[in-house]
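Numbering (this note's numbering), first residue to last: 2 to 621. See below for the structure under consideration.
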């Protein structure tokens, strides 16, 4: 409540309104009375004096002090009687002196030293240097102590009265104004009246309340203002003003302060600064919560993980397409609210920058790329003597494998992936090895496809579960590194491996053109999966035994007479060779250094004799 006109005390000469000062005494009335006990001197201007406890000022003719009060007579006849002063004028020394425990003083002209002195324990002073008729009597010790005590009391009273007057003088200028070094809400109220001081403080409070705002701003430059009216802020400096005024002033009848307390408070204010603030505010902070909640909803963006969208096995440069990850964001409403509430409390205007905190996605493209790195790329050359049908059979087998994915722990079967090698299944007849012989069969050339897949799989670190070599060495890879397959009923041979990589395996298989010769084609198999890091695998083979070539040739009858006719005719159709026993190893290499070597087993390639056709017709 604005109480600018309320002063804690009224203007009552510096005193609170409830305090009534004592009535002012009027001067005593003057009454005349004749003097006492002195011979008449020259006639004074009047016959008056001070009598009966009051002042009576007579003229010089007849006056004195009587009856315990002052009676001032004229100079002719006066003296002191009855324990009080009676002052005679200079002409009356003949009959005067000090009598009856009081002073009686005659003038020097008559009653000098001869007839003067002290009588009855009191002073009687005659003129001159001679003792008076009454003689001198020594005063008692008790009387001397009483006189000293009376003097001290008089002097003390004079000192106390002076100090009291001094304190009153010091505090009087501050009775109706604020003491020095008093501030309210940063305004120096020193020397200001209650009305002026409270008006200044209220004016500032109202101005701050009307102009106060907090601007919530984001990095994009968008903003939202919070005003005092939105929060229903009420600002009341009354308590602070009253606390400030209470220093050096009485504010009510229950907190009376004497002048010495007020003096102490004045000294304290002169030596120290007193600061008061209008902390009595009330504000509904619910709108702040609502505004921040709305801004948080607007600013919030959820994080999105990167995803593998597709595997493109035909693109050897960028075989994988990813959806880029998205970083989310959220407002730090806790920190923003604390700052806003602090500004509300201090009624401080300004901006609050709403900073967002990034929300990291769980999976990034970089993470995914580590799961689809190239583990191994196997290449085998296709012989220039290979027929188009044989090359097409390889292409067809690869097309059934190209783009395959294999989850961790799953098994790959070549025969299952490629299917039956038959005309119905799209294969052509071509030369193939069967039981050590080159024959024409459906799907001839598929063994080169299975061999290339084996080379890629074994050097990708995958677990080979079934693999058999050809009976004869093949032209497209070294001995101990081939893998034959067959789908002939009763003589099925399959090549299989298990994905033990810990992640998904991706396979790409193609017949590609050689980069060095347009007439040369290559079989290519690429296997992608979890990164091997600084580890790689290499397949190595070595001959551990050589089997001699048989000396006895092998004769094959030519029943049709296609090559030879007569029994004594022969024709070499296959030159014999030595046989071999080859052991293969899987070598583990880490950072370019061999760290392990595991035997994959031994393959035996039988020795072959020379082979001849022989005729079946006798010669006559």
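Ideal Cβ placement from N, Cα and C applies to all residues, glycine included. Given the structure is predicted, the values throughout are model-derived calculations rather than measurements.
With fewer than three CB-CB distances shorter than 8 angstroms, the segment 317–324 does not count as touching the segment 166–185. Taking C-beta atoms as the reference points, residue 309 and residue 332 fail to come closer than 8 angstroms.
DSSP places residue 508 inside the beta strand (DSSP E), whose first and last residues are 506–514. Going by beta carbons, residue 498 and residue 413 fall inside the 8 angstroms limit. Contact between residue 475 and residue 556 does not hold, since their C-beta atoms are separated by about 26 angstroms, which reaches or exceeds 8 angstroms.
Pairing residue 478 with residue 463 gives a Cβ-Cβ distance that is not under 8 angstroms. Annotation: the continuous beta strand (DSSP E) that includes residue 376 extends over 374–383. Rounded to whole angstroms, the separation of the alpha carbons of residue 251 and residue 190 is 17 angstroms.
Under the 10 Å beta carbon count, residue 592 is surrounded by fewer than 16 other beta carbons and is classified as exposed. Counting the other Cβ atoms within 10 Å of the Cβ of residue 293 gives 16 or more, which makes it buried. Collapsing the DSSP output to three states places residue 354 in a strand. The three-state reading of DSSP puts residue 211 in helix, counting H, G and I together. Between residue 406 and residue 507, the C-beta spacing is below 8 angstroms.
Between the beta-carbon of residue 278 and that of residue 241 there is about 6 angstroms, and that keeps the pair under the 8 angstroms contact cut. Remark: C-beta atoms of residue 219 and residue 300 approach each other more closely than 8 angstroms. Its chain contains 182 as the residues whose beta carbon lies nearer than 6 angstroms to that of residue 274, once the 5 sequence neighbours on both sides are disregarded; these appear in chain order.
Of all C-beta pairs linking the segment 577–591 to the segment 599–607, three or more are shorter than 8 angstroms, placing the two stretches in contact. The C-beta distance from residue 267 to residue 175 rounds to 6 angstroms, short enough to meet the 8 angstroms contact threshold. Shortest Cα-Cα distance from residue 558 to any of 258, 304, 617 and 360 involves 617. Bounds of the alpha helix (DSSP H) holding residue 399 are 389–402. Contact between the segment 511–521 and the segment 570–578 is absent, with fewer than three C-beta pairs closer than 8 angstroms.
Within 10 angstroms of the beta-carbon of residue 480 lie 16 or more other beta-carbons, which makes it buried. Selection 597, 553, 233 and 525 evaluated against residue 537 yields 597 as nearest (Cα-Cα). Cβ-Cβ distances below 6 angstroms link residue 209 to 348 in the same chain, with the five nearest sequence neighbours on each side left out; the list follows chain order.
In the structure shown, the three-state DSSP call for residue 148 is helix. Contact between the segment 330–344 and the segment 190–205 is absent: fewer than 3 CB-CB pairs across the two stretches fall below 8 angstroms. For secondary structure counted as the beta strand (DSSP E) over 3 or more consecutive residues, the segment 565–613 holds these complete runs in sequence order: 571–575, 580–591 and 594–606.
Counting C-beta pairs with one atom in each stretch, the segment 444–459 and the segment 364–379 have three or more that are closer than 8 angstroms, which means they touch. Under the three-state reduction of DSSP output, residue 491 falls in the coil class, being neither helix nor strand. DSSP places residue 220 in the coil class of the three-state scheme, outside both helix and strand.
Bridge partners of residue 323 according to DSSP: 309. With a 10 Å radius around the Cβ and a threshold of 16 neighbouring Cβ atoms, residue 146 comes out exposed.
In the same chain as residue 443, and ignoring 5 residues on each side of it, the C-beta atoms closer than 7 angstroms to its own belong to 422, 423, 424, 428 and 430, in chain order. Within its own chain, the residues whose Cβ lies closer than 7 angstroms to the Cβ of residue 238, once the five positions on either side in sequence are excluded, are 185, 186, 202, 203, 206 and 279, listed in chain order.
Rounded to whole angstroms, the separation of the alpha carbons of residue 504 and residue 340 is 49 angstroms.
In the same chain as residue 595, and ignoring 5 residues on each side of it, the C-beta atoms closer than 8 angstroms to its own belong to 588 and 589, in chain order.
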